[in-house]
Amino acid sequence: MRSSDVLVVGGGIIGLVTAWRAAQRGLRTAVADPDPGGGAARVAAGMLAAVTELHYGEETLLGLNLASARRYPDFVAELAEATGGAAAGSGHDVGYRACGTLAVALDADDRAHLRELHALQTRCGLTSEWLSGRECRRLEPMLAPGVRGGLRVDGDHQVDPRRLAAALLLACERAGVVFHRVLAERLTVAGDRARGVVLAGGEELTADQVVLAAGSLSGRLAGVPEEVLPPVRPVKGQVLRLRVPAAYAPFLSRTVRAVVRGSHVYLVPRENGELVVGATSEELGWDTTVTAGGVYELLRDAHELVPGITELPLTETRAGLRPASPDNAPLLGPTALPGLHLATGHYRNGVLLTPVTGDVMAEVLTTGTLPDEARPFTPRRFSPTPPVRQEQPA
């Protein structure tokens with residue numbers, strides 16, 4: 322039986338940033354995950370789009386998104402230093418780009434929708450600029466001639482989630498985090514308190530505090546009392562990756578997005594010549610099949626936005642699962658079961674919320690206090706009653 326101060330169940334970017342920050346605070350930290358650094362980050366495009374992804378009714382979430390976006394430059398610099406030393410230029414590059422985003426409209430209905438979004442952004446005190454179709458094409462010449470207008474948001478940036486996950490994994494290892502590359506099968510509860518987990522194969526890990534950060538799988542850990550089981554469901558997203566040959570560069574200078582026939586489509590250009598196109602949103606349970614229909618719809622919608630995309634080599638198709646809560650906002654902090662915390666349910670904002678999640682969870686784990694900025698996202702908003710006494714044999 323191996324023991325730690327903090328045991329994080331789940332080694333995606335949310336679990337890794339939680340473990341890294343906990344270890345930095347001097348806590349003996351362990352992570353249980355058969356494939357740390359994997360999860361939804363391998364599929365995500367990495368848009369840091371607090372402004373362009375604003376939705377009606379999500380103004381509270383906007384505050385957390387903006388707080389995390391502001392942290393990103395310093396977070397990336399600290400991560401580079403932790404993984405090799407930024408001064409020497411050897412730190413792990415996570416592909417952070419302050420390149421901005423352009424959201425465009427292809428018809429009159431889309432234009433009206435963007436105008437409404439612009440008004441909402443203005444009411445929320447956000448900075449965005451309305452452009453004519455001609456001005457949009459001047460910024461991005463590859464756009465379709467029929468673009469009717471758009472919103473320029475210089476404050477929405479991007480990062481490469483795969484490189485971010487790799488950097489966080491290395492930072493954790495250098496901070497002394499212990500990795501158990503095995504699936505956690507069951508939460509151990511004794512004396513009305515979470516005490517650890519049982520791994521596949523039967524080994525038991527004990528900890529003073531357990532953080533459930535397993536993404537869409539967070540609600541499937543056996544042994545978690547029903548009253549505190551996170552209400553997280555999987556939402557499938559299919560994503561394409563293409564390569565921009567040197568002859569076509571520069572193809573796009575910033576993230577470009579639109580709504581085409583009611584479906585959201587975005588194109589995220591990387592400095593290495595990769596172009597990420599996404600994403601479907603499908604309520605299909607645990608299915609991660611890449612379908613011909615999904616690929617077709619993404620390419621069709623992207624072609625309407627940027628016709629030249631059909632000339633690019635298609636290098637990868639992949640599907641992943643976003644962890645969605647009932648209100649599409651994360652669950653952060655302690656549950657009604659002492660010793661059990663949640664860091665899950667980030668839905669489409671997992672990459673964006675990585676810095677603030679790490680800070681919030683570190684504060685909770687070291688002081689027991691949930692920071693004010695995270696109070697609206699307490700897991701207890703979905704479980705107002707205390708858990709039923711449930712003691713398991715050690």
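Taking my numbering, the leading residue of the sequence shown gets 322, the next gets one more, and so forth.
Virtual Cβ for every residue (Gly too), placed ideally from N, Cα, C.
Closest residue to residue i among the options (Cα-Cα distance)
| i | options | result |
| --- | --- | --- |
| P551 | F572, D622, T699 | T699 |
| V589 | D608, G583, S602, L563 | L563 |
| H434 | L460, R591, W451 | W451 |
| T382 | L673, F703, M682 | Just to set this straight, residue 382 is Leu in the shown sequence, not Thr. Among L673, F703, M682, the Cα nearest to that of L382 belongs to L673. |
| G358 | P647, V681, C493, N670 | C493 |
| A361 | P634, L686, L485 | L485 |
| D414 | V556, L400, H667 | L400 |
| A613 | P628, V560, E604, E694 | V560 |
| D428 | T690, E625, G416, R621 | E625 |
| G679 | G654, D513, F703 | G654 |
| G454 | R507, A370, A426, V616 | A426 |
| V397 | F703, E694, V677 | V677 |
Host beta strand (DSSP E) of residue i (start-end)
| i | result |
| --- | --- |
| Y617 | Note, Y617: premise wrong, no beta strand (DSSP E); alpha helix (DSSP H) at 613-626. |
| T350 | 350-353 |
| A426 | 422-426 |
| A579 | 576-581 |
| F698 | Here F698 belongs to no beta strand (DSSP E), and DSSP marks it neither H nor E. |
| A650 | Here A650 belongs to no beta strand (DSSP E), and DSSP marks it neither H nor E. |
| L658 | Here L658 belongs to no beta strand (DSSP E), and DSSP marks it neither H nor E. |
Contact under 7 Å by Cβ, residue i with residue j
| i | j | result |
| --- | --- | --- |
| G517 | A528 | yes |
| G540 | R643 | no |
| L348 | L489 | no |
| L619 | V598 | yes |
| P355 | R502 | yes |
| G421 | D475 | yes |
| A657 | V549 | yes |
| T339 | A534 | yes |
| A686 | V531 | Sequence check: residue 686 is Leu here, not Ala. For L686 and V531, no; Cβs fall outside 7 Å. |
| L464 | R575 | no |
Pairwise C-alpha distance: residue j and residue i
| i | j | result |
| --- | --- | --- |
| S449 | A496 | 40 Å |
| Y393 | D477 | 11 Å |
| A408 | G332 | Unreliable placement is indicated for A408, whose pLDDT of 37 sits below 50; the coordinate value is still reported in the next sentence. Their backbone Cα atoms lie some 28 Å apart in a straight line. |
| A351 | I334 | 15 Å |
| T675 | A388 | 11 Å |
| F500 | G405 | 20 Å |
| P697 | A645 | 16 Å |
| A568 | D395 | 35 Å |
| E547 | L652 | 16 Å |
| V611 | R639 | 6 Å |
| G583 | A390 | 27 Å |
| A505 | R323 | 14 Å |
| P555 | L526 | 27 Å |
| L573 | E461 | 6 Å |
Per-residue burial, residue i [other beta carbons within 10 Å of its own, 16 or more giving buried]
| i | result |
| --- | --- |
| S537 | buried |
| R386 | Residue identity check: residue 386 is Asn in the sequence provided, not Arg. Classification for N386: buried. |
| A440 | exposed |
| C445 | exposed |
| W607 | exposed |
| A459 | The residue you asked about is not Ala; residue 459 is Arg in the sequence shown. Per the 10 Å Cβ criterion, exposed. |
| D431 | buried |
Endpoints, alpha helix (DSSP H) assigned at residue i
| i | result |
| --- | --- |
| Y587 | Y587 -> not in any alpha helix (DSSP H); beta strand (DSSP E) instead, spanning 584-590. |
| E450 | Taken as a continuous stretch (DSSP letters only), E450 belongs to no alpha helix (DSSP H), being part of the beta strand (DSSP E) at 450-453. |
| E494 | 482-495 |
| S389 | 380-403 |
| E684 | 675-688 |
| V338 | 334-345 |
Residue i: CB within 6 Å of a non-hydrogen atom of the ligand FAD
| i | result |
| --- | --- |
| D430 | The ligand FAD is absent from the structure shown, which contains no ligands of any kind. |
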